[in-house]
Amino acid sequence: MKHNPRLNEKMARLPGFSDIHPLQPISTVQGALELMDTLSHWLTTLTGMPAVALSPKAGAHGELCGLMAIRAAHEASGEHEKRRKVLVPTSAHGTNPATAAFVGYTVVEVAQTDDGRVDVADLAAKLGDDVAAIMVTNPNTCGLFERDILEISRLTHEAGAYFYCDGANFNAIVGRVRPGDLGVDAMHINLHKTFSTPHGGGGPGAGPVVLSEALAPFAPAPWVVHDQNGYRLIEREEGEAAQAFGRLCAFQGQMGMYTRALSYMMSHGSDGLRQVAEDAVLNANYIKARLSDVMSAAFPDGPCMHEALFDDEWLKGTDITTLDFAKAMIDEGFHPMTMYFPLVVHGAMLIEPTETESKQELDRFIEAMRALAGAAKAGDVDRFKGAPFHAPMKRLDETRAARAPVLRWTAPQGSNIAAE
Ligand SMILES: Cc1ncc(COP(=O)(O)O)c(C=O)c1O
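Take 901 as the starting number for the sequence shown in this note's numbering and just add one per residue.
Here's what the structure looks like:
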């Protein structure tokens, strides 16, 4: 999650974008369509991919879009019946195997090397004419660049499969690496992680999917096109779009997110976006370097990308867990890092400082972490077990929240607010 500049909010609230209706006559929404077209241009330019489907509403929805395009492509070539598997590395985000299974594929795990990357030998052994696609996150969930990515894509294409890249970590390489140059066929971009839109708890967000030449004909409708009569939307029955699998959502997607993302891109410019990636990676490496003597880095050798990953090895013998440590961070005034993910790292603590943190703020964070690490090692269990002590909400029952979620708000007794 990154900083959401106010400018984006102001742009998204301009009535010409916020007050329009998807069923308005096309002639009255020319500006909005131009914005979608311009955003598409930025996304395809930054990724080096020829096509983009804007409408997916979150990263996971983008994965669904990408795999449905892959399935449609295999159906069109008559290979769908034999290509029933999708290969997914063990370190993948849970949405990857879930999406592949949802689209009807059998998920096959690919092993990870000791240095946190895809085990290419295992991948090669599992690739064959029964594989529809691989799903690889790059930079991966361990915060590392897949240095064998070109070999991975070569092997995948040689086997007749497609390369789906989970682009959730695009922030680390935006402006520096174009996934199209790495042989990627489809990749979702979580706009909230790279282009500063709010996340929205799985939606209403936006997870546009960029597609290679081979998959472009299978992109879902609608498309924005531009000719001498202005901008308009086209649906599947026109031209090469005839092979597409249809629509992913009722209308055109999340206009507010498109506006915020484009506002962010234009205010940074292409050189500014490159700087974003460089600063995010520098910040994460600074944290990794300054904490590695008191906490155990999960992959100590070499630099990381925009996330510094620690495990809980250093907490052994203290009776303090990753969860306790994260809760104590709240008392120090810091939002806890991502915990227990990726699953391949025991007690994972995944710190993603993003590019906007200043050196002063990073130092403040590092000093707080070092002090907490010292307290943990000194056996100051009380500081951790009941934490957070200074937050309005104390330790929540997370097991109950997961097993018996209350998903519907009910008005308190005696209140005159009607429950939805
Ligand atoms: C690596 C990775 N893939 C996919 C997703 C899913 O994205 P979303 O939450 O937008 O559905 C995430 C979200 O955190 C992620 O980190």
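By construction, the Cβ of each residue, glycine as well, lies at the ideal position given by its N, Cα and C atoms.
Since this is a predicted model, take the numbers as computed values, not measurements.
Backbone secondary structure at residue i - three-state DSSP
| i | result |
| --- | --- |
| Arg1308 | coil |
| Val1181 | helix |
| Pro925 | coil |
| Pro1098 | coil |
| Arg1054 | helix |
| Asp1081 | helix |
| Arg983 | coil |
| His1088 | strand |
| Asp937 | helix |
| Asp1029 | coil |
| Asp1022 | helix |
| Leu1171 | Note that residue 1171 is Asp in the sequence shown here, rather than Leu. Three-state DSSP puts Asp1171 in a helix. |
| Ala1011 | coil |
| Arg1190 | helix |
| Met949 | coil |
| Thr1238 | strand |
| Thr1218 | coil |
| Arg1160 | helix |
| Thr878 | Outside the modelled stretch of the chain, which goes from 901 to 1320, sits residue 878, for which no answer is possible. |
| Phe1289 | coil |
| Gly931 | helix |
| Ala1072 | helix |
| Val1244 | coil |
| Met1205 | coil |
| Lys902 | coil |
Per-residue burial, residue i [other beta carbons within 10 Å of its own, 16 or more giving buried]
| i | result |
| --- | --- |
| Asn1090 | buried |
| Leu964 | buried |
| Ala1228 | buried |
| Leu1050 | exposed |
| Asp1224 | buried |
| Asn1040 | buried |
| Glu1261 | exposed |
| His903 | exposed |
| Leu943 | buried |
| Gly959 | buried |
| Leu1082 | buried |
| Gln1012 | buried |
| Pro1242 | buried |
| Leu954 | buried |
| His961 | buried |
| Arg1300 | exposed |
| His1126 | exposed |
| Thr1094 | buried |
Boundaries of the beta strand (DSSP E) in which residue i is found, first to last residue
| i | result |
| --- | --- |
| Leu1262 | Segment Lys1259 to Lys1277 is the alpha helix (DSSP H) holding Leu1262; no beta strand (DSSP E) there. |
| Cys1042 | Taken as a continuous stretch (DSSP letters only), Cys1042 belongs to no beta strand (DSSP E), as it is neither H nor E. |
| Arg1132 | Gly1130 to Ile1134 |
| Cys965 | Not the beta strand (DSSP E): Cys965 falls in the alpha helix (DSSP H), residues Gly959 to Ala976. |
Segment limits, alpha helix (DSSP H) that includes residue i
| i | result |
| --- | --- |
| His1092 | Leu1091 to Thr1094 |
| Arg1303 | Glu1298 to Arg1303 |
| Thr990 | Where Thr990 is concerned, there is no enclosing alpha helix (DSSP H), given that its DSSP letter is neither H nor E. |
| Asp1224 | Thr1222 to Asp1231 |
| Asp1282 | Asp1282 to Lys1285 |
| Leu1111 | Note, Leu1111: premise wrong, no alpha helix (DSSP H); beta strand (DSSP E) at Val1109 to Leu1111. |
| Ala1114 | From DSSP, Ala1114 is part of no alpha helix (DSSP H); its letter is neither H nor E. |
| Glu909 | Arg906 to Ala912 |
| Phe1002 | Thr995 to Phe1002 |
Short CB-CB distance (under 8 angstroms) between residue i and chain E
| i | result |
| --- | --- |
| Thr1094 | This model lacks chain E altogether; it includes just one protein chain. |
For residue i, the residue or residues it bridges with in DSSP
| i | result |
| --- | --- |
| Phe1210 | Ala1197 and Met1249 |
| Trp1123 | Ile1134 |
| Asp919 | Answer by DSSP bridge pairing: none, since Asp919 is not bridged. |
| Val1036 | Cys1065 |
| Leu1147 | Rather than Leu, the amino acid found at residue 1147 in this sequence is Arg. Ala1121, per the DSSP bridge assignment. |
| Thr1006 | Lys985 |
> Using 8 angstroms as the Cβ pair cut-off and three pairs as the minimum, do the segment 1159–1166 and the segment 960–975 touch?
Replying inline: Flag = no, the segment 1159–1166 and the segment 960–975 do not touch.
>> Measuring CB atoms only, is the segment 956–970 touching the segment 1111–1123, in the sense that at least three cross pairs come out at less than 8 angstroms?
In response: Touching, yes.
> Do the segment 1201–1216 and the segment 1240–1259 touch if we need at least three Cβ pairs shorter than 8 angstroms?
Replying inline: Flag = yes, the segment 1201–1216 and the segment 1240–1259 touch.
> How about the segment 1265–1274 and the segment 1190–1197: do they share at least three Cβ pairs that are nearer than 8 angstroms?
Replying inline: Counting Cβ pairs under 8 angstroms, three or more are found: they touch.
> Hey, is the segment 1162–1174 in contact with the segment 908–916, meaning 3+ C-beta pairs nearer than 8 angstroms?
Replying inline: Contact holds: three or more Cβ-Cβ distances are below 8 angstroms.
> Do the segment 1077–1087 and the segment 992–1004 meet, that is, are 3 or more Cβ pairs less than 8 angstroms apart?
Replying inline: Short answer: they don't touch.
> If you pair each beta-carbon of the segment 929–944 with each one of the segment 994–1003, do three or more pairs fall below 8 angstroms?
Replying inline: With the cut-off at 8 angstroms, the segment 929–944 and the segment 994–1003 do not touch.
>> Below 8 angstroms, how does it come out for the segment 1063–1078 and the segment 1017–1026: are there three or more Cβ pairs, yes or no?
In response: No, they do not touch.
> Touching or not, the segment 1102–1116 and the segment 1126–1137, by the rule of three or more beta carbon pairs under 8 angstroms?
Replying inline: Short answer: they don't touch.
> Looking at C-beta atoms only, is the number of pairs between the segment 1072–1079 and the segment 1023–1032 that lie closer than 8 angstroms three or more?
Replying inline: Because the criterion of three Cβ pairs below 8 angstroms is not met, the segment 1072–1079 and the segment 1023–1032 do not touch.
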